[in-house]
Each structure stands twice: as C-alpha cells, then as structure tokens.
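This report concerns only the one structure given below.
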Amino acid sequence: GDSVTQMEGPVTLSEEAFLTINCTYTATGYPSLFWYVQYPGEGLQLLLKATKADDKGSNKGFEATYRKETTSFHLEKGSVQVSDSAVYFCALSDIGFNKFYFGSGTKLNVKP
Amino acid sequence: GAGVSQSPSNKVTEKGKDVELRCDPISGHTALYWYRQRLGQGLEFLIYFQGNSAPDKSGLPSDRFSAERTGESVSTLTIQRTQQEDSAVYLCASSLRQSAEAFFGQGTRLTVV
Numbered sequence: 045g046d047s048v049t050q051m052e053g054p055v056t057l058s059e060e061a062f063l064t065i066n067c068t069y070t071a072t073g074y075p076s077l078f079w080y081v082q083y084p085g086e087g088l089q090l091l092l093k094a095t096k097a098d099d100k101g102s103n104k105g106f107e108a109t110y111r112k113e114t115t116s117f118h119l120e121k122g123s124v125q126v127s128d129s130a131v132y133f134c135a136l137s138d139i140g141f142n143k144f145y146f147g148s149g150t151k152l153n154v155k156p
Numbered sequence: 004g005a006g007v008s009q010s011p012s013n014k015v016t017e018k019g020k021d022v023e024l025r026c027d028p029i030s031g032h033t034a035l036y037w038y039r040q041r042l043g044q045g046l047e048f049l050i051y052f053q054g055n056s057a058p059d060k061s062g063l064p065s066d067r068f069s070a071e072r073t074g075e076s077v078s079t080l081t082i083q084r085t086q087q088e089d090s091a092v093y094l095c096a097s098s099l100r101q102s103a104e105a106f107f108g109q110g111t112r113l114t115v116v
C-alpha cells in the first residue's frame with residue numbers, strides 16, 4: 045500500500061544553517077506530495093505541495109521537488125531561522141482515492 | 004466558518020466513560036478524515052469519509068471506536084469505554100476531492116484519567 049517514510053528527528057541546527065529533511069514514498073498511482081508543518085501549540089498547516097513529477101513546491105523559503113525516479117520529496121531551506129522550529133510532516137495523496145498518508149514527522153530545533 | 008472546526012478543544016474523561024468528538028468541515032468539502040496524534044508521535048489514520056461512499060474504517064484501532072458523518076457535513080468520532088492509551092490529540096481534516104489538499108482543525112486533546 046501507499047506509505048511515506050521520513051527521516052527521524054530531532055534535527056538541531058544553528059540559525060542560518062542549511063536544512064534538508066528527507067522524505068521518500070511508496071505509491072501505486074500518481075500521488076500528490078505535501079509538506080505540512082506543526083508549530084508548537086498549533087495545528088497542522090500546509091507548507092507546500094507538488095502535484096506531478098518534477099514540480100517544485102515552495103513557500104516561506106522552503107522548497108521540495110517531486111522526484112519520481114527516486115520516489116522522493118526532500119524538504120530544503122537555505123537558511124533556517126529560530127521561528128522555523130516546528131514538526132514537519134511529509135504526506136502523499138492519491139488523487140484517485142483522495143486519501144492522505146503521513147510520515148511520522150521530523151522535529152526541527154533551530155538554535156540562535 | 005472559514006476553517007475546520009473541532010469541539011471540544013480539550014476533554015478530560017474518566018477511564019471507562021464514553022466520549023464524543025465533533026468535527027465541522029469546511030463547507031463544500033466532500034472528504035473528511037480523522038487522525039490520532041499521540042504525544043511526540045506522527046499522525047495515525049483512523050477513518051475517511053468521501054461523499055456518500057462507504058467510509059474507510061481501516062484505521063480504527065478497536066471496536067470501541069466509531070465515527071459517523073451526516074451527508075457532507077458534521078462528523079462525530081465516538082470512543083466507548085475509554086482507556087488511558089486513548090489519550091491523544093484527535094485531528095479532523097477535510098478536502099475537496101479535486102484539490103486533494105487537506106485542511107486541518109486545531110484538534111481535540113483527549114485525556115483519560
């Protein structure tokens with residue numbers, strides 16, 4: 045069945061460091077891919093998405109490229125800020141079934 | 004309302020009691036999901052409703068859990084004879100089938116004592 049695997053955390057970085065959070069997926073169809081973010085004490089929010097191969101989703105300085113050949117959707121940011129500290133969830137949705145599958149989440153701690 | 008609304012936001016209940024959690028999806032969203040998030044863990048799929056189709060109940064952990072949805076509106080998640088391991092945040096999300104983007108509520112934090 046469909047599934048998402050993302051790197052375990054926590055990830056601890058200094059401010060202005062480069063961030064990569066790995067995400068790979070398994071899907072039988074042609075999924076859409078998402079990154080959701082959960083800031084402390086808040087609900088999940090959509091960060092970015094990509095709906096087909098080679099699409100790049102971007103928002104708030106974060107980027108992720110839908111790589112069909114490697115079944116990956118890694119999240120990157122060139123220079124993290126303390127305010128980026130949160131839990132990040134990779135997810136996929138199979139358009140045909142419209143179900144969402146989430147990874148286990150990666151906690152990011154950014155230190156000043 | 005503008006977003007997905009869940010109530011109550013917090014619920015403390017005694018072990019063995021039944022609880023009902025409510026979700027009001029975004030108007031017009033045909034799909035509705037329930038997830039459970041235990042402390043420090045990821046999202047665990049519980050159940051999925053899509054329009055008038057039979058719900059996907061494959062994620063419900065036991066027969067103590069059930070959910071209903073009236074048409075394309077409100078959904079209730081019921082947990083009978085609550086146990087301490089049911090303590091978690093229960094999240095509801097809704098989406099339009101075409102957009103396949105899920106919008107989440109703030110969740111209900113359930114504590115079983």
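Quick mapping for you: the protein sequence lines, in order, are chains A and B.
The numbering of the first sequence is the working numbering, which starts it at 45 and goes up by one.
The numbering of the second sequence is the working numbering, which starts it at 4 and goes up by one.
The beta carbon of each residue, even a glycine, is placed where N, CA and C say it ideally should be.
Would A91/B and L113/B qualify as a contact pair, given that the criterion is a beta-carbon distance under 9 Å? Yes, the pair counts as a contact, with Cβ atoms nearer than the cut-off.
State yes or no: is the beta carbon of A3/B nearer than 9 Å to at least one beta carbon in chain A? The requested residue 3/B is not part of the displayed model; chain B covers only 4 to 116.
Please list the terminal residues of the continuous beta strand (DSSP E) segment that includes T58/A. Sequence inspection shows Ser at residue 58/A; the Thr mentioned does not correspond to that position. Looking at the DSSP string, the run of the beta strand (DSSP E) that includes S58/A is 55-58.
Assigned secondary structure, Q44/B (DSSP; H/G/I helix, E/B strand, else coil): The answer is coil: DSSP assigns Q44/B none of H, G, I, E or B.
Can you list, in chain order, the residues of its chain with a C-beta nearer than 6 Å to that of G53/A? Leave out the 5 residues immediately preceding and following it. The answer, listed in chain order, is T150, K151.
In this structure, does DSSP put Q82/A in helix, strand or coil? Q82/A falls in the strand class under three-state DSSP.
In chain order, what residues of the same chain lie with their CB nearer than 7 Å to the CB of E17/B, ignoring the 5 residues before and after it? Closer than 7 Å at Cβ, skipping near neighbours: V116.
Taking a contact to mean a Cβ-Cβ separation below 9 Å, would you say E120/A touches T64/A in this structure? Result yes, Cβ atoms of E120/A and T64/A sit closer than 9 Å.
With distance defined between alpha-carbon atoms, name the residue in S127/A, E59/A, C67/A, G85/A nearest to T109/A. When each option's Cα is compared against that of T109/A, the closest is C67/A.
What first and last residue would you give for the beta strand (DSSP E) that runs through F68/B? Counting along the chain, the beta strand (DSSP E) containing F68/B begins and ends at 68-72.
At a Cβ threshold of 9 Å, is Q89/A touching chain B? So yes, Q89/A belongs to the interface.
Determine the closest residue to A71/A out of D128/A, V81/A, K155/A, R111/A, with distance taken between C-alpha atoms. Closest option to A71/A, Cα to Cα, is R111/A.
Assigned secondary structure, V124/A (DSSP; H/G/I helix, E/B strand, else coil): For V124/A, the three-state secondary structure derived from DSSP is coil.
Measuring CB atoms only, is the region 105-112 of chain B touching the region 55-62 of chain B, in the sense that at least three cross pairs come out at less than 8 Å? Taking a cut-off of 8 Å for Cβ pairs, the region 105-112 of chain B and the region 55-62 of chain B do not touch, as fewer than three such pairs fall below it.
The region 65-77 of chain B / the region 14-30 of chain B touching (three or more Cβ pairs under 8 Å): Taking 8 Å as the limit for Cβ pairs, the verdict is that the region 14-30 of chain B does touch the region 65-77 of chain B.
Span separating the alpha-carbon of G54/B from that of Q125/A: The alpha-carbon atoms of G54/B and Q125/A are separated by roughly 41 Å.
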